[in-house]
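Residue numbers (UniProt numbering): 1 to 216.
What follows is a short report on a single structure.
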């Protein structure tokens with residue numbers, strides 16, 4: 001009862017905000033009029049990736065439209081682009097009939113998050129959670145500041161991220177199935193390190209979802 005009431009209140013607040021500040025009907029990428037968030041033409045140019053592993057799924061390849069959306073959100077604070085990315089996550093979760101007890105996301109160090117102003121994975125995860133009704137769990141924490149993975153070789157990435165994550169003491173992830181969200185995966189070093197920590201804590205099943213896969 002309480003959960004349903006809280007969700008209804010959030011929906012009402014969101015609708016009121018949209019009345020006061022109406023959504024601009026313009027594609028966030030090409031500025032074509034008459035479209036909410038992204039136009040069909042821009043979306044059609046996304047190159048989807050083949051799903052070969054049900055526990056590590058990427059929506060598409062890191063290039064073109066997907067790359068522009070990720071960069072616009074992360075570095076230019078285009079939150080409409082962030083909403084588009086969340087919508088793509090929701091699309092693949094529904095396509096693959098994915099279910100879980102919680103949604104987790106790759107955390108940032110306090111220093112890195114302060115520098116950027118927000119954690120893009122957290123924002124996306126919260127948007128996804130709101131629409132598929134799976135609660136967020138923020139039990140994963142990052143223990144140390146690391147260099148940006150995109151600037152490193154495969155071997156350097158593994159060493160850079162080693163020991164970077166842990167689980168909060170008062171956590172309720174034991175025996176649970178979770179969706180772990182990250183934006184882009186290249187070597188998979190970050191997801192692998194995070195998965196190790198979660199498995200050590202006793203998480204039952206981990207489905208890693210990323211918006212895009214890339215190559216070094």
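We treat Cβ as the ideally placed atom computed from N, Cα and C, and that holds for glycine.
Measure the CB-CB distance between residue i and residue j and report whether it falls below 8 Å.
| i | j | result |
| --- | --- | --- |
| residue 176 | residue 138 | no |
| residue 60 | residue 49 | yes |
| residue 194 | residue 209 | no |
| residue 167 | residue 197 | yes |
| residue 211 | residue 189 | no |
| residue 187 | residue 154 | yes |
Look up residue i in the DSSP assignment and say whether it is helix, strand or coil.
| i | result |
| --- | --- |
| residue 63 | coil |
| residue 102 | strand |
| residue 205 | strand |
| residue 51 | coil |
| residue 129 | helix |
| residue 134 | coil |
| residue 118 | coil |
| residue 109 | coil |
How would you label residue i, buried or exposed, when you count the other beta carbons within 10 angstroms and need 16 or more for buried?
| i | result |
| --- | --- |
| residue 152 | buried |
| residue 183 | buried |
| residue 65 | buried |
| residue 200 | exposed |
| residue 54 | exposed |
| residue 207 | buried |
| residue 82 | buried |
| residue 159 | exposed |
Judging by CA-CA distance, which residue of the options is the nearest neighbour of residue i?
| i | options | result |
| --- | --- | --- |
| residue 133 | 164, 93, 163 and 170 | 93 |
| residue 52 | 96, 178, 157 and 80 | 96 |
| residue 113 | 142, 128 and 100 | 142 |
| residue 126 | 115, 106, 162 and 110 | 106 |
| residue 119 | 88, 87, 77 and 129 | 77 |
Can you grab the Cα-Cα spacing for the pair residue i / residue j, in whole Å?
| i | j | result |
| --- | --- | --- |
| residue 1 | residue 169 | Only weak support exists for where residue 1 lies, its pLDDT of 47 falling under 50; the coordinates are left without a value. |
| residue 21 | residue 202 | In this predicted model, residue 21 has a pLDDT of only 47, less than 50, meaning its place in the structure is not dependable enough to derive any value. |
| residue 44 | residue 29 | 13 Å |
| residue 145 | residue 35 | 40 Å |
| residue 85 | residue 164 | 26 Å |
| residue 40 | residue 73 | 19 Å |
| residue 123 | residue 140 | 15 Å |
| residue 46 | residue 68 | 11 Å |
| residue 173 | residue 99 | 15 Å |
| residue 215 | residue 33 | 34 Å |
| residue 89 | residue 128 | 7 Å |
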